[in-house]
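Take a look at the structure below.
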Amino acid sequence: MTDPLILIDTRGDGERRTRLITLNRPKQLNALNDALMDQLGAALQAADDDAGIGCIVITGSEKAFAAGADISAMQSHTYMHVYKTNFITRNWETIRRVRKPVIAAVAGFALGGGCELAMMCDMLIAAENAKFGQPEIKIGIIPGAGGTQRLPRAVGKAKAMDLVLTGRMMDAQEAERAGLVSRLVPLEKLMDEALAAADLICALSGPSVMMAKECVNRAFEGSLADGVDYERRVFHSLFATADQKEGMAAFLEKRPPKFSQS
Ligand code: CAA
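Counting in our numbering, the sequence shown runs from 1 upward without gaps.
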């Protein structure tokens, strides 16, 4: 029997829990092949559809979050093959449709498609041994899962050009200073920190969490004026929810809120 390419677990003990997805090709440093990405996409979609799940965490091993798309699988691909099969798009893009928050808990290498996968997540919590990079240029290609677009938005043009054009790695400290990383923690604390953040999110009002994610993502994709208008409309719409009434009443009554997720 072959090992599963991803491991799926459910953590936490609240009404809504965390789906923990672990990339599981340790010998290949979690190189991302089509079979793995198909399974990851299905697991993400299932977690998003499950009303008992409030947050998703994706992690890898201590040595590698993921060292990129699987080079041995794609070395012989032709242009016609990648075009006709919509290589990358078909299964890698599922994560963009996930409406619940996704946290990347990154230790070790996050390179190429691994760095791009981490950047597609909503929060990136990194261990001190994490290393980020877009080394595709060294094997005769360029990033193909959003790296040339998301990296400049996260760290600015200067550093993105440096990383994409030279293929060098940056360590976790440099990545945090540059704004790629949400939180930097010792390796032994990585999963505790990521799962604690996920637990906190699970306990909140799901609709407001999803709308907040949608609004922050708008900031990446449109103009400031459009984003602010969009945020205002979503903000207004939250006054139609029971959770807004409950959240504010609980604050005024100095008690914890009891969200009904509606
Ligand atoms: N694809 C396939 N196999 C990979 C891989 C990858 N991206 N990265 C590592 N592996 C395999 C190695 O071939 C090796 O396999 P064997 O034991 O069978 O030889 C195993 O994982 C362990 O790797 P190393 O022996 O190389 O480990 P190391 O500690 O010496 O080096 C590393 C680690 C610096 C990450 C190095 O493995 C490396 O440079 N990997 C490739 C990184 C890369 O170029 N990523 C970009 C891929 S292209 C891409 O991602 C396109 C896109 O945008 C979607």
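Note that CB positions come from ideal geometry on N, CA and C, so glycine has one too.
The alpha carbon of Leu117 has as its nearest neighbour, out of Leu204, Trp92 and Ile139, the alpha carbon of Trp92.
DSSP, read as helix, strand or coil, puts Gly167 in coil. The residue from Ala250, Ala242 and Lys254 with its alpha-carbon nearest to that of Ser260 is Ala242.
Counting C-beta pairs closer than 8 Å gives three or more between the region 19-28 and the region 57-72, which meets the contact rule. Beyond the five residues adjoining it in sequence on each side, Glu231 comes within less than 8 Å, by CB distance, of Cys215 and Arg218 in the same chain, given in chain order. In this structure, Gln149 has its CB at a distance of at least 6 Å from all heavy atoms of the ligand CAA. Distance between Glu221 and Phe235, taken at the CA atoms: about 19 Å. With at least 16 other beta carbons inside 10 angstroms of its own, Gly114 counts as buried. In the displayed model, Lys157 falls within a helix according to three-state DSSP. When the five nearest sequence neighbours on each side are left out, the beta carbons in the same chain lying within less than 6 Å of the beta carbon of Glu136 are those of Gly112, Ile142 and Pro143, in order along the chain. Remark: the shortest separation between the CB of Gly54 and any heavy atom of the ligand CAA does not fall under 6 Å.
For Leu36, the enclosing alpha helix (DSSP H) covers residues Asp34 to Asp49.
In this chain, the alpha helix (DSSP H) harbouring Val216 covers Gly206 to Glu221. What you get when you keep residues with a C-beta closer than 6 Å to any heavy atom of the ligand CAA is Gln28, Leu29, Ala31, Ala67, Gly68, Ala69, Asp70, Ile71, Ser72, Ile88, Phe109, Leu111, Gly112, Gly113, Glu116, Pro135, Glu136, Ile139, Pro143, Gly144, Ala145 and Gly147. Judged by DSSP secondary structure, Phe109 falls within the beta strand (DSSP E) whose first and last residues are Phe109 to Leu111. Here the region 155-170 does not lie against the region 186-193, with fewer than 3 beta-carbon pairs under 8 Å apart. It is roughly 10 Å from the alpha-carbon of Ile125 to the alpha-carbon of Thr59.
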